[in-house]
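Colleague: If you count by the numbering used here, then the sequence shown holds residues 3 to 306, one letter each, in order.
From the three backbone atoms N, C-alpha and C, an ideal C-beta is built for every residue, glycine too.
Small disclaimer: the values here were computed from a predicted structure and weren't measured.
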Amino acid sequence: MITQTKNQSSIPAAEETSIGRIHVESEESLSSVREFPKIEFTLDNFVSGKVAQTQILSSDLRTGESTQRLQINQGWTAPIGHFTTNVEIFVLQGELSQGGFRLRELSYSFIPPGVPTGPWVATEDTIILWMPDATPSYIMEPYSQLAQIPENSAYHINAQKGVALSDYIPVKEVKSMPWETTTFLPPGSARRSLYTNKQTGRATWILGLVPMWIEGNFLAGHPTTEEAYMISGDVSGHWCMQDDPFNRRYATMEDDGYYWRPAHIPHGPFWTKRGALMLFRTNDRLDCNWILHNTDIGQQNFEH
């Protein structure tokens, strides 16, 4: 069950204009989500509130699409089964085993619906970002007669054909990946791509920034929703806060800071003092519509 997040605002827009998730971007969310309310997390056949608590960072109350900071106790187990919607997992702390795959700190998994997974076990107290596309169910009946060993999910026919071969990512470890050049940002930035949908452009990636990196004298809007979680570091600049999105305010995003932003809302420019390591997600391809930060510069160019 998805409930209202602590940080959802009373932005003065009619309810019928809602795009689904509510804009989450405030001094509080950017500073840290560690103190967001914790509630019991239950997913039948998978995990119960006795061993798991979650902090809802953003959600669509109609569909159950969400980003949650989920804490699972050491010793939790779940049988072989499959989800009924796409589920993304990013490990912030601790370790899970998903069948024969170890999801350690800074590991990522993309699990499409219908792909058998498990058995699951938390070998340590673990904190993950739990990111389903809708309210998931966990179906275990087709596998209930199988021995609960990793091979029986990995070798299953539904893990060896179709969408499982094109989209399924059992595990990627950020620490093992090479850095790639970013498309829009100036030198001092790089990315590690975790998932890309080649049809829609939907993507999940890690952004790295060197200390004292600066973006430039511009702000940007994107024709896609965008969210980010600060794994470590800081980013300061002009943010389009949820209570007044078109009048940006200066603030700093710090460790465990978070935002979820609707498409087209201008934001920036930004810079970092210590450097930054961030998880980014977009629902569609990320393009940029640029705007000068200081409009007087543009006016001067026309006058001279």
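Which of the three DSSP states is assigned to E229 in this structure?
Modeller: As a first step, residue 229 is located in the sequence shown; it is residue number 227 there, counting from the start. Here E229 sits in strand by DSSP.
Colleague: For V117, which of helix, strand or coil comes out of DSSP?
Modeller: Walking along the sequence shown from the start, residue 117 turns up at place 115. DSSP places V117 in coil when its eight states are reduced to three.
Colleague: Looking only at C-alpha atoms, which of P114, G116, T125, P115 sits nearest to L105?
Modeller: The residue labelled residue 105 in the question sits at position 103 within the sequence shown. With distances taken between Cα atoms, L105 lies closest to T125.
Colleague: For N249, count neighbouring C-beta atoms within 10 Å of its own C-beta (all shown protein chains included) and say buried if the count is 16 or more, exposed if not.
Modeller: One-based indexing of the sequence shown puts residue 249 at position 247. Its Cβ having fewer than 16 others within 10 Å, N249 is exposed.
Colleague: Considering only residues of the stretch 193 to 270, which uninterrupted beta strand (DSSP E) runs meet the minimum length of 3 residues and lie entirely inside it, listed in chain order?
Modeller: 205 to 211, 220 to 223, 228 to 235, 237 to 241, 251 to 255, 260 to 263
Colleague: Looking at C-alpha atoms only, which residue of T198, V117, Y140 is the closest neighbour of A166?
Modeller: The residue labelled residue 166 in the question sits at position 164 within the sequence shown. Checking every option, the nearest Cα to that of A166 belongs to V117.
Colleague: Could you tell me the distance, in whole angstroms, from the CA atom of S168 to the CA atom of P134?
Modeller: Here residue 168 is taken as the residue at index 166 of the sequence shown, counted from 1. Here residue 134 is taken as the residue at index 132 of the sequence shown, counted from 1. Rounded to whole angstroms, S168 to P134 spans 18 Å at the Cα level.
Colleague: In angstroms with no decimal places, state the Cα-to-Cα distance between H306 and G239.
Modeller: For this step, residue 306 is matched to residue 304 along the sequence shown. For this step, residue 239 is matched to residue 237 along the sequence shown. A caution first: H306 carries a pLDDT of 42, below 50, which makes its placement in the model too unreliable to give a value.
Colleague: Would you check if the stretch 224 to 232 and the stretch 256 to 271 touch, i.e. whether three or more CB-CB distances between them fall below 8 Å?
Modeller: yes
Colleague: Under a three-way DSSP split, which group does N9 fall into?
Modeller: As a working note, residue 9 is residue 7 in the sequence shown. Because N9 carries a pLDDT of 49, less than 50, the predicted location of this residue cannot be relied on, and the following value inherits that uncertainty. N9: coil per DSSP, three-state reduction.
Colleague: Taking the DSSP output, what are the residues bridged to H84?
Modeller: Within the sequence shown, residue 84 is the residue found at index 82, counting from 1. DSSP lists I141 as partners of H84.
Colleague: Helix, strand or coil for E30 per DSSP?
Modeller: As a first step, residue 30 is located in the sequence shown; it is residue number 28 there, counting from the start. The answer is helix: DSSP assigns E30 an H, G or I state.
Colleague: Tell me the rounded alpha-carbon separation between Y157 and Q201.
Modeller: Here residue 157 refers to the residue found at position 155 of the sequence shown. Here residue 201 refers to the residue found at position 199 of the sequence shown. Approximately 28 Å, taken between the alpha carbons.
Colleague: Throw me the rounded Cβ distance for the S320 and V123 pair, which I believe falls under 8 Å.
Modeller: Look at the range of the chain in this structure, 3 to 306, and you will see that residue 320 is not part of it.
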